[in-house]
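Just below is one structure, and these are the notes that go with it.
Chains as they are written, first to last, in our numbering: chain E, 1 to 111; chain P, 112 to 224.
Shown next as structure tokens:
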């Protein structure tokens with residue numbers, strides 16, 4: 001069965017722009033979580049969606065937002081990009097036993 | 112708040128050496144504990160988990176025991192291989208029973224042939 005798919009894998013933006021990242025979970029998984037991974041801060045939780053509803057949110061500014069569609073696909077958006085937003089953004093879908101299955105990530109570089 | 116502390120890396124070992132990566136946690140309640148592994152250029156993969164005190168998780172020769180008295184979940188492997196070279200993350204579910212995870216900073220392991 002196909003794994004978690006994230007697109008795009010790599011992207012470069014400039015400060016002030018906005019970006020949208022996409023995540024397709026494993027078929028049948030209804031929970032999708034997003035994490036930001038940076039060398040300095042490690043993995044930090046952004047938000048979690050279940051059946052199109054945001055259930056948990058991490059400590060990120062309002063520039064970071066997300067949504068989930070009826071087919072469980074999820075998108076996250078970052079507006080007014082800052083240099084510090086450069087990171088690997090990981091999406092994960094949750095299996096029945098609570099384990100997370102991660103995608104390969106979207107690497108965002110902000111210039 | 113809840114937190115996970117891992118030993119600093121990198122850890123460099125020769126093939127067939129014994130591996131220990133320390134992980135301690137601070138949490139209220141009874142979180143589930145996890146070890147994830149990240150190979151170069153890939154996302155994280157679940158390595159093993161334990162959901163209650165004294166549980167031992169094991170997979171691919173790795174094991175870790177949930178020690179509530181010492182709030183630890185150390186990862187061990189008796190004989191490492193070059194293919195085990197990766198970054199290892201300890202994590203807990205916060206709050207317990209949810210699927211919002213707190214991850215440690217990761218420990219890079221390099222195994223030399």
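A virtual CB, placed ideally from N, CA and C, is assigned to each residue, including glycine. Only a predicted model underlies this, so the values are computations on that prediction, with no experimental measurement involved.
Residue-level contact to chain P via CB, residue i, 9 Å cutoff
i: residue 111 of chain E; result: no
i: residue 49 of chain E; result: no
i: residue 2 of chain E; result: no
i: residue 87 of chain E; result: no
For residue i, three-class secondary structure by DSSP
i: residue 124 of chain P; result: strand
i: residue 223 of chain P; result: strand
i: residue 19 of chain E; result: strand
i: residue 74 of chain E; result: strand
i: residue 83 of chain E; result: helix
i: residue 193 of chain P; result: helix
i: residue 173 of chain P; result: strand
Spatially closest choice to residue i from the options, by CA coordinates
i: residue 109 of chain E; options: E/19, E/5, E/25; result: E/19
i: residue 5 of chain E; options: E/30, E/16, E/23, E/27; result: E/23
i: residue 187 of chain P; options: P/152, P/180, P/201; result: P/201
i: residue 92 of chain E; options: E/41, E/70, E/27; result: E/27
i: residue 172 of chain P; options: P/182, P/156, P/189, P/184; result: P/189
Closer than 9 Å to chain E by CB, residue i
i: residue 114 of chain P; result: no
i: residue 147 of chain P; result: yes
Segment contact, 8 Å Cβ cut-off, at least three pairs: the region 75-90 of chain E with the region 22-39 of chain E: yes
For the region 121-132 of chain P against the region 97-105 of chain E, are there 3 or more C-beta pairs whose distance is under 8 Å? no
The region 61-77 of chain E in contact with the region 24-33 of chain E per 3-pair CB rule at 8 Å: yes
At least 3 beta-carbon pairs within less than 8 Å: the region 49-62 of chain E vs the region 138-158 of chain P: no
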